[in-house]
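In the numbering used here, the protein residues as written are 1 to 165.
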């Protein structure tokens, strides 16, 4: 069984590289599939999980009514919003379950932290110089302004740092 985690910076071509690694190793690339696994385990539609992730990544402390108590059978939690810790617990459970299903390459989602003690895991972090990252973003998103790309990269780096804290 092969388990690779690839964390990356925006503009480092991490997804493209992870897909190539997955192809070379005959392993399944897993990115948003983690969200589908979380939804399956919680018994909700994946859109509910996506909404929660978007809100948490934008530093919201709580998420919508639909996200209340998804990963807890405790009826007392049903009236309290789901917080980041509960979301991370669901993400952790999903990533660990997916890692046990066969050869996989995880793309981001904190998988390198969640699987840091996994005996078969190889952890890789991809990065690029800021000017290279900023040069790739406009081409990828069809933007004309270089300064806007730098702002997008700064925001993405800040969100990533906040998520890991």
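Even glycine gets a Cβ: it sits at the ideal position worked out from N, Cα and C.
Only a predicted model underlies this, so the values are computations on that prediction, with no experimental measurement involved.
Asked: Identify which residue in 49, 45, 136 and 23 has its Cα closest to the Cα of residue 104.; Found: 23
Asked: How close, in whole Å, do the beta carbons of residue 107 and residue 31 come, if the pair is a contact with beta carbons under 8 Å?; Found: 4 Å
Asked: Would you tell me roughly how many angstroms separate the C-alpha atoms of residue 132 and residue 11, rounded to the nearest one?; Found: 8 Å
Asked: Are the beta-carbon atoms belonging to residue 90 and residue 41 less than 9 Å from one another?; Found: yes
Asked: Considering only the alpha carbon of each residue, which of 85, 117 and 86 lies closest to residue 96?; Found: 117
Asked: When you compare only the Cα positions, how much space is there between residue 47 and residue 4?; Found: 26 Å
Asked: Under three-state DSSP, which class holds residue 109?; Found: coil
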